[in-house]
Amino acid sequence: MSGTSVDSIDASVVGVNLIGDHVSIKTMANITYPIPDCIRKEIFTLFKDSSGSLRRMAALNIRLGNLFAEAVLELLKNTGLKPEDIDVIGSHGQTVYHVAEPLELCGEEVRGTIQIGEASAIAQKSGIPVVSDFRTADVAAGGSGAPLVPFLDQILFKDMSKNTAAQNLGGIGNVTWIPKEGEGVVAFDTGPGNMIIDALVSIYTRGKLKYDKDGAIGKRGKVIDNLLNKWMEHPYLKKSPPKTTGREEFGGRFLEEELKDIKANADIIRTAEEFTAYSIADSYKRFLPEEPEVVIVTGGGVHNSVIMDSLKKHLPRSIVEKGEDYGIDSDFKEAIAFALMGLWTILGKINNVTAATGAEHEAVMGKVSYP
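Take the sequence shown: its position 286, counting from 1, is numbered 274 in our numbering, and each next residue is one higher.
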């Protein structure tokens, strides 16, 4: 899969043992496969309403599918596995637009979502069946199509003896609350993860850096309190779950508005990192049944010590840990999630979490493409 940062493709080989309701997951190998700058620029062009074109999107859909297939073949080469050793590929693709809030269209209010990275291209080049386009089934069921990772969180952490928050820190942050009783899961997008930070770093370094490694830039800056307080008034942060967000609210247009009168610098980047941590902690206080005893953080944000330290500061009564403390590679959790979702699809098993997406009923998400 490729996330909102569009910096690389994450791929994992996952072994799954399914006996009754018991699921055992073992990650056998991972790879981070770079997305060439020219393709990355094409994708970001599509993010801008006025400059993207359907013609280029149609072509980029195939080109990105070919690139995903290259990542699969490279992963197989690294592990010595053959295509026939793999039962199915679960491919999320690259989101280019997500209509989280219903749009009135010809007398009907509808949501929508578009992911590119053509599954047929992946299947034909890899020789492996591919399940893709997961989100649309949940949207068709009346849901928002996100977040989807709570499907994996429920499986990984259902036997925890403490109230647990599984917090992912990709471009957007999302949390899954798993109570120690096991029932009553709550999940939603908390708000910005790395998206605003990454964009500011790119502007500040004139494209030389794509992210703030270990928070090195943020550590040189100071939080701008009045700007942080302004950002914390964003309407999304006060909206009750189920809810989802993305680039449409915290992407280019957000930055254009916020940087009209100021320049990107270390203070702005530090403020954005504080915004991510503070908004997460605030969302817990607003929307979780109780303050979590344990917070398990995954995603690229775990490598930013400024964010992690701020989370601990804002959640003093919670133990804040990384996925690695539980045998989960923080960088590949989402790839693992979609691998498992793909398997559930071909088995005809439910793989959406209605409490997270607001769907009216359960659904088997995903479409199958054969070699």
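Each residue gets a CB set at the ideal place from its N, CA and C atoms; glycine is no exception.
Open item on the list: Within 10 Å of its beta-carbon, does D313 have 16 or more other beta-carbons around it, so buried, or fewer, so exposed?
Closed with: exposed
Open item on the list: If I measure Cβ to Cβ from V118 and keep anything under 6 Å in the same chain, skipping five residues before and after, which residues do I get?
Closed with: I77, S79, A107, I110, A111 and S357
- [ ] Label E30 either buried or exposed according to how many other C-beta atoms from any shown protein chain fall within 10 Å of its C-beta, with 16 as the threshold for buried.
- [x] buried
Open item on the list: Which same chain residues end up closer than 7 Å to V127 when comparing Cβ atoms and leaving out the 5 residues on each side of it in sequence?
Closed with: R99, G100, T101 and G133
Task: Start and end residues, alpha helix (DSSP H) containing T264 - done: A254 to F275
Task: Contacting residues, own chain, Cβ-Cβ under 8 Å from E97 (five flanking each side not counted) - done: P90 and L91
- [ ] Would you list the residues sitting across from I13 in a DSSP beta bridge?
- [x] According to DSSP, which records beta bridges pairwise, I13 is partnered with V4.
Open item on the list: For a test of the three-state rule: what should DSSP assign to P280, helix, strand or coil?
Closed with: coil
Open item on the list: Distance check for R194 and K210, CA to CA, integer angstroms please.
Closed with: 21 Å
Open item on the list: To the nearest angstrom, how far is the alpha carbon of A344 from that of L55?
Closed with: The straight-line gap separating the alpha-carbon atoms of A344 and L55 is approximately 31 Å.
- [ ] Report the three-state DSSP secondary structure of I160 (helix, strand or coil).
- [x] strand
TODO: In the DSSP assignment, find the beta strand (DSSP E) that holds R99 and state where it starts and stops.
DONE: E96 to I104
TODO: Would you list the one or two residues that DSSP bridges to W165?
DONE: A153 and V174
Open item on the list: Rounding to the nearest angstrom, what Cα-Cα distance links I250 and E244 in this structure?
Closed with: Roughly 10 Å between the two C-alpha positions.
Open item on the list: Across the stretch 14 to 32 and the stretch 138 to 151, are there enough close Cβ pairs to call them in contact, namely three or more that are closer than 8 Å?
Closed with: no
Open item on the list: Can you tell me which residues form a DSSP beta bridge with D(-2)?
Closed with: T20
Task: Neighbourhood of I365 by C-beta, 6 Å cutoff - its chain only, sequence neighbours within 5 removed - done: Not covered by the structure: residue 365. The range shown for the chain is -11 to 359.
TODO: Reducing DSSP to helix, strand and coil, say where Y199 ends up.
DONE: Y199: coil per DSSP, three-state reduction.
Open item on the list: In the DSSP output, which residue or residues are listed as bridge partners for K321?
Closed with: Paired residues: none, contrary to the question.
Task: Status (buried if at least 16 other CB within 10 Å, exposed otherwise) for L140 - done: buried
Task: Limits of the beta strand (DSSP E) - the one that V87 falls within - done: Membership of V87 in the beta strand (DSSP E) is indicated by the continuous run Q82 to L93.
TODO: Determine, using beta carbons only, whether D255 and H302 come nearer to each other than 9 Å.
DONE: no
Open item on the list: What does the Cβ neighbour count give for N5, buried or exposed, with the cut at 16 atoms within 10 Å?
Closed with: exposed
Open item on the list: Closer than 8 Å is the cut-off here; do at least three beta carbon pairs connect the stretch 151 to 158 with the stretch 175 to 183?
Closed with: Contact holds: three or more Cβ-Cβ distances are below 8 Å.
Open item on the list: Less than 9 Å between the beta carbons of I104 and M45, yes or no?
Closed with: yes
Open item on the list: So, with DSSP's three-state summary, where would you put I116?
Closed with: coil
Open item on the list: Using only CA atoms, which one of A154, W165, N253 and F176 lies nearest to A187?
Closed with: N253
TODO: Can you have a look at G3 and say buried or exposed, based on whether 16 or more other CB atoms are within 10 angstroms of its CB?
DONE: exposed
Open item on the list: What does the alpha-carbon distance come out to for the pair F320 and R274?
Closed with: 29 Å
Task: From Q142, L52 and I191, residue whose alpha carbon lies closest to that of E169 - done: Closest in alpha carbon position to E169, among Q142, L52 and I191, is Q142.
- [ ] Could you check how far apart the C-beta atoms of F283 and V308 are, in whole angstroms? I think they sit under 8 Å.
- [x] Contrary to the premise, residue 283 reads as Val rather than Phe in this sequence. Contact flag correct, Cβ pair sits at about 5 Å.
- [ ] Provide the residue(s) that pair with S357 in DSSP beta bridges, ordered along the chain.
- [x] V118
Open item on the list: Taking a contact to mean a Cβ-Cβ separation below 9 Å, would you say D179 touches E261 in this structure?
Closed with: This sequence places Gly at residue 179; Asp is not what is there. Contact: no.
Task: DSSP-derived helix/strand/coil call for E30 - done: Three-state DSSP puts E30 in a helix.
Open item on the list: For S293 and R123, what's the separation of their Cα atoms in angstroms?
Closed with: 32 Å
Task: Residue from I166, S298, A88 and L328 with nearest C-alpha to G267 - done: Sequence inspection shows Ser at residue 267; the Gly mentioned does not correspond to that position. Selected option, being the one with the closest Cα: S298.
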